[in-house]
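Residue numbers (the numbering used here): 1 to 195.
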Amino acid sequence: MGNESQPDSMALNTVKADEEANVGSVKEEKSAIDRDAPGPNPTSQQTETERKQRRNPLLIFFSAIASIFAGMINLSATAGQGMSKFYWHIPVLYGDKTAREWPEITGFRSGCTAGGKSLFYGFYDGITGVVMLPYKGAKGAGLKGLGIGILHGIGGLFFKPLSGIWAFIGHPIFGLHKHISNRKNSQQQSQSSPV
Numbered sequence: 001m002g003n004e005s006q007p008d009s010m011a012l013n014t015v016k017a018d019e020e021a022n023v024g025s026v027k028e029e030k031s032a033i034d035r036d037a038p039g040p041n042p043t044s045q046q047t048e049t050e051r052k053q054r055r056n057p058l059l060i061f062f063s064a065i066a067s068i069f070a071g072m073i074n075l076s077a078t079a080g081q082g083m084s085k086f087y088w089h090i091p092v093l094y095g096d097k098t099a100r101e102w103p104e105i106t107g108f109r110s111g112c113t114a115g116g117k118s119l120f121y122g123f124y125d126g127i128t129g130v131v132m133l134p135y136k137g138a139k140g141a142g143l144k145g146l147g148i149g150i151l152h153g154i155g156g157l158f159f160k161p162l163s164g165i166w167a168f169i170g171h172p173i174f175g176l177h178k179h180i181s182n183r184k185n186s187q188q189q190s191q192s193s194p195v
């Protein structure tokens with residue numbers, strides 16, 4: 001019996017030696033993997049204050065309100081300008097040569113000025129056109145010109161005040177939109193330019 005236990009103990013020693021060798025090689029592989037793995041990138045790490053600002057509910061709320069407000073101004077400016085220009089172009093399309101030039105709006109102040117002038121001249125040109133356009137038509141082309149002038153005057157009486165009303169609403173809002181856009185662009189340029 002003594003001889004029979006020796007081969008078993010030798011086999012057991014061989015198995016233990018193989019296990020120790022495997023454990024050693026696994027540890028070496030793990031340390032090699034850890035050594036080759038990329039470490040944390042210092043440029044991609046965020047500071048604690050950046051993370052707090054991103055999670056701050058008040059900041060999120062006010063930025064959402066500002067985005068909604070900017071969208072409303074943009075939509076109002078586009079709609080007001082579009083309707084005003086639509087009614088401004090109709091007399092031009094049917095041949096009315098008394099339509100005034102479209103104002104250039106660079107900011108809020110010029111938008112308010114253009115809106116006030118457009119309202120005044122929309123009503124002024126519409127009302128006086130009922131008399132002046134038939135007179136000019138008759139003077140230039142006789143009876144046929146009188147008929148064309150009457151039609152132009154009636155069309156202008158309807159479309160020119162509508163254009164003025166829409167411009168009175170749309171020009172200041174468009175001016176406000178331009179003012180905010182210009183200010184935002186100048187701030188972005190000053191931040192991006194090297195000092």
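Glycine included, each C-beta is placed from N, C-alpha and C at the ideal position.
Values in this document were obtained by computation on a predicted structure and should not be read as measured data.
His177 beta carbon less than 7 Å from that of Ala77: Numbered from 1 along the sequence shown, position 77 holds the residue referred to as residue 77. Numbered from 1 along the sequence shown, position 177 holds the residue referred to as residue 177. For Ala77 and His177, yes; Cβs fall inside 7 Å.
For Gly156, the first and last residue of its enclosing alpha helix (DSSP H): Taking the first residue of the sequence shown as 1, we reach residue 156 at position 156. Residues Phe108 to Ser192.
Neighbourhood of Ile157 by C-beta distance below 6 Å, restricted to the same chain and skipping five residues each side: Within the sequence shown, residue 157 is the residue found at index 157, counting from 1. Reading off the sequence, residue 157 comes out as Leu, not Ile. Hits under 6 Å: Gly126 and Val130.
Same chain only: Cβ atoms within 8 Å of Gly155, ignoring 5 sequence neighbours per side: The count along the sequence shown starts at 1 and reaches residue 155 at position 155. Excluding sequence neighbours, Gly155 sits near Ile90, Pro91, Tyr94 and Asp96.
Phe255 versus Thr113 - alpha carbon distance: The chain is shown only over 1 to 195; residue 255 falls outside these bounds and no answer can be derived.
Nearest neighbour of Gly115, chosen from Phe61, Asn74, Phe168 and Gln191 [CA to CA]: The count along the sequence shown starts at 1 and reaches residue 115 at position 115. Nearest of Phe61, Asn74, Phe168 and Gln191 to Gly115, Cα basis: Phe168.
Rounded straight-line distance, which links the Cα of Gly111 to that of Leu146: Counted from its first residue, the sequence shown places residue 146 at position 146. Counted from its first residue, the sequence shown places residue 111 at position 111. Going by the C-alpha atoms only, they are around 37 Å apart.
Where Gly140 falls, given that 16 or more other Cβ within 10 Å makes a residue buried: Within the sequence shown, residue 140 is the residue found at index 140, counting from 1. Per the 10 Å Cβ criterion, exposed.
Coil, strand or helix - Thr78 by DSSP: Taking the sequence shown and counting its residues from 1, one reaches residue 78 at position 78. Helix at Thr78.
Distance CB(His179)-CB(Gly71) smaller than 7 Å: In the sequence shown, residue 179 corresponds to position 179, counting from 1. In the sequence shown, residue 71 corresponds to position 71, counting from 1. It is not a contact, given that the beta carbons lie outside the stated cut-off.
Local conformation of Tyr87 per DSSP, three classes: Within the sequence shown, residue 87 is the residue found at index 87, counting from 1. Here Tyr87 sits in helix by DSSP.
Straight-line gap, Ile148 to Gly137 (C-alpha atoms, nearest Å): What you label residue 148 is simply residue 148 of the sequence shown in a count that begins at 1. What you label residue 137 is simply residue 137 of the sequence shown in a count that begins at 1. Using only the alpha carbons, I get a separation of about 7 Å.
Beta-carbon gap between Ile105 and Gly175 smaller than 7 Å: Indexing the sequence shown from 1 puts residue 105 at position 105. Indexing the sequence shown from 1 puts residue 175 at position 175. For Ile105 and Gly175, yes; Cβs fall inside 7 Å.
Environment of Leu75 [buried if 16+ CB atoms lie within 10 Å]: Residue 75 sits at position 75 when you count from the first residue of the sequence shown. By the neighbour-count rule (16 or more Cβ atoms within 10 Å), Leu75 is not buried but exposed.
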